[in-house]
Structures are given as structure tokens and as C-alpha cells.
Amino acid sequence: MFHRRQILAGFGKTLGTAAMATILSKAALAASIKPDNASALLVIDVQNCFLPGGSLAVKDGDQVVPVINRIAKSFANVVLTQDWHTASHVSFATTHSGKKPFETIDLPYGKQVLWPDHCVQGTEGAALSKDLSIAHAGLVIRKGSNKDVDSYSAFTEADGNTTTGLAAYLKARKVERVFLAGLATDFCVAWSALDARKAGFETYVVEDACRGIDTQGSLAKAWADMGAAGVKRIQSSDIAA
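Basically the numbering used here = 1-based index in the sequence shown + 1082.
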């Protein structure tokens, strides 16, 4: 009995390198994901504060924008999210005397990373990137507006109980699969992906359409947690136009 590698090697000798490359290219194309009406793209927090020059800039955060604009064309259902904090929000280091950004504190709902002030309601920093071009997006979810509770996830605030209503919105539109892109991979994207799985959605994170902060190993942990929860890690090239 022939093994798969022997069969491929035989084809390679018979057809030649160019022909083999064509076959493999067609096979890859056939295996790509074609978004349908049961699919939704969630664009997480592509806001000025998280872009170069912002108060909580994610390295190379602006590079996600053209990738997101490109893949968004394949989705009939698109949701955008915004961090939308009050001034003196509980997640800001400046709210806590003697604390510095990236230190942690204990709050009633658990550990909280303290951040530089960012995405304050109504400010230019909280605005979505002007370079995003997704006119057909059907919903904008604003999260983190409760001054006493942070909200990384697009679905559920950090207290684990208060929902944004996003899951109900998607289910009302018969969405079964969600694809996540945006900022930052290891916080708002990852928390959103994990909550999407809890809500019963087949969940994909488009890796090259995201960028991470990676503080104290947070990026590796986020990918490990997402993998354990059944979140699928893909590239934008895996999505068929």
C-alpha cells in the first residue's frame, strides 16, 4: 500500500515541479474558507489610542487596517467594537495613587491590569481609525463604559456577568461562525474569541489581521488559551474573496 508521501513524490516526478505547484495551489484554494450569510467578521478596537502615536499604541497596530479592509469585503455581516471608557476609569493607572501602567491590582471581579489612560469617551483617541473602510458594517459595540468594570471582550464585561448583547444580535441574524481581527491579540481579541466559543460560535482569529501587546508572556498565553477552547488560528489568505 502506498503512503501519501509516496504518492505525492510520484506525482512530482511525473508532472514536474511547475505542474505540481499548480495542483497544490488549486488544492489550497479549494480548502480556503468562503464566508457566507452565517459568518460574521468582528473588528476589535481599531482605535487611535491603539495605533502608532496613541496613548496605548500596539506595535505595528496600523498594519492590520489594510488587511481588515480587504477581508471585510467578503463578509455580509461585520461588527466593529470600541473601547469607550469614562475619565478616571478603574482600569487606568492614574486612577490609583502610586500605581504605574502594567501593574496589576485586585478588584471584586479579579485581577486587573492597569493601563495608561486610553479611549476616553468622545475623544479623538477613542475614535475608530480614519483608514478603516467598512461602510457596510451593521453594528458598533461600545464596551468598558462602566467606570468600575473593565471590558476586554466584545461579548461580556470583565465581571463575567454583564453582556453587551452581541451574542443575541448575531444569533438573531443566524450567524454561526465568527472571525476576529483587530487589537490587541492577547487582550480584547483573545477575550472576545473565548467568549464567542462560550456563546457557541465556531470561532476563528485571523492572525495577520491582529497585533498583540505581549506583556509578561500574555501573547503566548492567549494563543494557548484560545487553542484549548477550540478557537481556530488562520491567516487572511485562508479567506476566499
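We put the beta carbon where it would ideally sit given N, CA and C, even for glycine.
Can you pull the DSSP bridge partners for residue i?
i: Asn1159; result: Ala1122
i: Arg1315; result: Val1287
i: Gly1220; result: Note: Gly1220 sits in no beta bridge, so no partner.
i: Thr1245; result: Thr1238
Let me confirm a value: residue i is counted as buried when at least 16 other C-beta atoms fall within 10 Å, else exposed. Which label applies?
i: His1200; result: buried
i: Gln1298; result: exposed
i: Arg1293; result: buried
i: Asp1277; result: buried
i: Leu1106; result: At Leu1106 the pLDDT is 39, less than 50, meaning the model places this residue with poor confidence and gives no usable figure here.
i: Leu1225; result: Note on identity: in this sequence residue 1225 is Lys, with Leu being the wrong assignment. Counting Cβ neighbours within 10 Å, Lys1225 comes out buried, since at least 16 surround it.
i: Ser1179; result: exposed
i: Ala1154; result: buried
i: Ala1310; result: exposed
i: Thr1246; result: buried
i: Ser1114; result: exposed
i: Ala1122; result: buried
i: Ala1302; result: exposed
Can you give me the Cβ contacts of residue i inside the same chain, cut-off strictly under 7 Å, excluding the 5 residues immediately before and after it?
i: Cys1131; result: Ser1137, Leu1138, His1200, Cys1201, Gly1207 and Ala1208
i: Thr1099; result: With a pLDDT of 47 at Thr1099, under the threshold of 50, the modelled position of that residue is not reliable, and no figure is offered here.
i: Ala1281; result: Phe1237 and Ala1249
i: Glu1284; result: Glu1258 and Arg1259
i: Ile1223; result: Val1161, Thr1163, Ala1236, Thr1246 and Leu1248
Rounded to whole angstroms, what's the CA-CA distance from residue i to residue j? Just pull it up for me.
i: Asn1228; j: Ser1300; result: 25 Å
i: Leu1210; j: Gln1129; result: 4 Å
i: Gly1204; j: Gly1264; result: 21 Å
i: Lys1181; j: Lys1193; result: 14 Å
i: Thr1267; j: Val1146; result: 11 Å
i: Arg1259; j: Ala1250; result: 14 Å
i: Gly1135; j: Ala1323; result: 32 Å
i: Gly1143; j: Ile1295; result: 10 Å
i: Ala1109; j: Val1231; result: Here Ala1109 scores only 40 on pLDDT, less than 50, and its place in the model should not be relied on; the value that follows carries that caveat. Using only the alpha carbons, I get a separation of about 47 Å.
i: Trp1176; j: Ala1169; result: For the sequence presented, residue 1176 should be read as Thr rather than Trp. Taking the straight line from one Cα to the other gives about 10 Å.
i: Val1125; j: Leu1248; result: 13 Å
i: Ala1275; j: Ala1306; result: 12 Å
i: Lys1116; j: Ile1321; result: 6 Å
i: Ala1254; j: Pro1198; result: 37 Å
i: Ala1187; j: Ala1272; result: The residue you asked about is not Ala; residue 1187 is Ile in the sequence shown. Going by the C-alpha atoms only, they are around 21 Å apart.
i: Gly1312; j: Leu1252; result: 19 Å
i: His1167; j: Tyr1234; result: 11 Å
Spatial neighbours of residue i within its chain, please: CB distance less than 8 Å, with the 5 preceding and 5 following residues excluded, ordered by chain position.
i: Gln1317; result: Val1288, Glu1289 and Asp1290
i: Lys1149; result: Sequence check: residue 1149 is Val here, not Lys. Closer than 8 Å at the Cβ level, and outside the excluded window around Val1149, lie Ala1263, Val1288, Asp1290, Ala1291 and Ser1318.
i: Lys1256; result: Asn1119 and Ala1120
i: Val1140; result: Phe1132, Leu1133, Leu1265, Ala1266, Arg1293, Gly1294 and Ile1295
i: Val1172; result: Leu1189, Gln1194, Lys1229, Asp1230, Val1231 and Asp1232
Closer than 6 Å by C-beta to residue i: which residues in its own chain qualify, once you throw out the five before and the five after it? Chain order, please.
i: Phe1184; result: Thr1297
i: Ser1215; result: Asn1151
i: Asp1127; result: Thr1163, Asp1165, Gly1264, Leu1265 and Cys1270
**Request:** Check whether the region 1160-1170 touches the region 1238-1245, taking contact to mean three or more Cβ pairs, one atom from each stretch, closer than 8 Å.
**Result:** no
**Request:** Determine contact between the region 1184-1198 and the region 1211-1220, defined as no fewer than three beta-carbon pairs at a distance below 8 Å.
**Result:** no
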